[in-house]
Structures are given as C-alpha cells and as structure tokens.
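With positions in the sequence shown counted from 1, the corresponding number in the working numbering is that position plus 49.
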Amino acid sequence: MTQRTLFSRSHRSTQGQSAKALRHALAAAGVCLLSVASSATGLAAARPNPAISQATYQALFNQLSAEPLRYGGLASAHNRRILIGLHQTGTGTVAGEMMRLDSAMRPLDAGPVTGTLTAPGSAQLSHCHLKVTLSDRDITLDGPCSATLLSGALTTRPRPSQLWSQVTNFISPDTSVSQYWLSRDTWQAAVTPAAAP
50 MTQRTLFSRS HRSTQGQSAK ALRHALAAAG VCLLSVASSA TGLAAARPNP
100 AISQATYQAL FNQLSAEPLR YGGLASAHNR RILIGLHQTG TGTVAGEMMR
150 LDSAMRPLDA GPVTGTLTAP GSAQLSHCHL KVTLSDRDIT LDGPCSATLL
200 SGALTTRPRP SQLWSQVTNF ISPDTSVSQY WLSRDTWQAA VTPAAAP
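See below:
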C-alpha cells in the first residue's frame, strides 16, 4: 500500500511537470508564430506589389501629382520614396492618396488617405492625424504639419488575412512605431529616378 501511494504521488508530480512543460512549449510556439508572422509582414512590405498594374500606377501617380497638398520623402533604407497627395474635403478634414516606391520607381504600396489637418493652407505648424489604408496594414501618421510639411509618429498595424494570424494579432498586436518627415520641397527629389550607378 505504501508503494502504491508513493507511485501515485510521483505520477501526480510527473503530470504537473508535464503540464508545466506543455505550457512552456505552447508559449514558445506562440512566440515563434508571432515572429514568423511579423517577419512575413516585413518581407511582404519590401516586395513590389504585383496587384498594382502599370496603368493603375500611372493613374494614381497622376492623381497624386494633381493634388494641391503634395509631400514627398526619401527613406534611407534601399532608397525608397514616399509620396502623399491631399486635398481638403471639409473644415479641417483632408483626403488623398499615398504611394511608396522602390529605388527603380516601381510601386510597393498605394492606398487612400483620410484624416484631419487643421489650417491646411497655412505655413504655420498645426496638428494632423492621417490614416493610410493599405491591403495588408493600416498606417497612422500623427504629429505637427503644415501646407509644406508632414512629420511626427508613424504607427503601423498589420491586418492579417489568415485566421491563425488574426488570433495571434488579437492576443499580441504587432504594432510598430517610427518617425516620419515629408515635405513639399522633397516631392521633386522623390519623383525623380535615381541616377544609375
């Protein structure tokens, strides 16, 4: 009887250790899945978007170029270009388009922009809050701006399409925050192709 009790106790402690090991393994698997999902998002963001045809790209570029408020920026990583064109839709509200290009001027991303921009015609700094909707993520631009400058904090939130990625993103949102600086003066540099090496 004593041996049976000892066996039962050791069996229970083994079950407790197994449950603890299983919890640790599940946590490690969750971390691995999150890192794979975030690296896949970053990888997808670096490739040219095949869904944007040359005709669509040209039409969007022409529309961006015709907007009254145009901002451009050059990203140091891989000589990428960012273009934003806006027009006023009401008192303090704006809408427009955003396009990100690679160094060869091929479109990587494009999407509509909506938000608020107080006193968009003024050269004085005010506050703006813009949301860019892309096929796989939302980008929020928030900070000081004027008719010639957009700057501040850039927050990226992916919108995963697969169910497991949606669950992991709900449990632990994959949000990245960085800074941006776009200006009217940089527009011309951003739309000029880089010289061949």
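Here a beta-carbon is modelled for each residue, glycine too, at the ideal position from N, C-alpha and C.
What you are looking at is a predicted structure, and each value in this text was computed from that prediction instead of being measured.
| field | Straight-line Cα distance separating T197 from S232 | value | Taking the first residue of the sequence shown as position 1, residue 232 is located at position 183. Taking the first residue of the sequence shown as position 1, residue 197 is located at position 148. Between S232 and T197, the C-alpha separation is close to 6 Å.
| Opening and closing residue of the alpha helix (DSSP H) in which L109 lies | Within the sequence shown, residue 109 is the residue found at index 60, counting from 1. 103 to 115 is the extent of the alpha helix (DSSP H) around L109.
| Apart from the five residues just before and just after S227, which ones in its own chain have a Cβ nearer than 7 Å to its Cβ? | Position 178 of the sequence shown, counted from the start, is the residue given in the question as residue 227. Cβ within range, chain order: L203.
| Cβ neighbour criterion (16 or more within 10 Å) applied to A239 | Taking the first residue of the sequence shown as 1, we reach residue 239 at position 190. Buried is the call here.
| message | Going by DSSP, what residue range makes up the beta strand (DSSP E) through A144? | response | In the sequence shown, the residue the question calls residue 144 occupies position 95. Start and end: 142 to 150.
| query | How about D187 and H178: are their beta carbons less than 8 Å apart? | reply | Within the sequence shown, the letter at position 138 stands for residue 187. Within the sequence shown, the letter at position 129 stands for residue 178. No. Outside cutoff.
| task | Look at the alpha carbon of N111 and the alpha carbon of R119, and state the distance between them as a whole number of angstroms. | result | Mapped onto the sequence shown, residue 111 falls at position 62. Mapped onto the sequence shown, residue 119 falls at position 70. Going from the Cα of N111 to the Cα of R119 covers about 12 Å.
| Sub-8 Å separation of S132 and M154 beta-carbons | Along the sequence shown, one-based indexing puts residue 132 at 83. Along the sequence shown, one-based indexing puts residue 154 at 105. The sequence as given places Leu at residue 132; Ser does not occur at that position. Going by C-beta atoms, L132 is not nearer than 8 Å to M154.
| query | When DSSP builds the beta bridges, which residues end up paired with W230? | reply | Your numbering for residue 230 matches position 181 in the sequence shown. BP columns for W230 point to S200.
| task | Report yes if the CB atom of T163 is closer than 8 Å to the CB atom of A144, and no otherwise. | result | By one-based count along the sequence shown, residue 163 stands at place 114. By one-based count along the sequence shown, residue 144 stands at place 95. Contact: yes.
| query | Considering Q137, what are the terminal residues of the beta strand (DSSP E) in which it resides? | reply | Sequence index remark: in the sequence shown, residue 137 carries index 88 (1-based). Unbroken beta strand (DSSP E) run through Q137: 129 to 139.
| T235 beta carbon less than 8 Å from that of G122 | Here the question's residue 122 lines up with position 73 in the sequence shown. Here the question's residue 235 lines up with position 186 in the sequence shown. For G122 and T235, yes; Cβs fall inside 8 Å.
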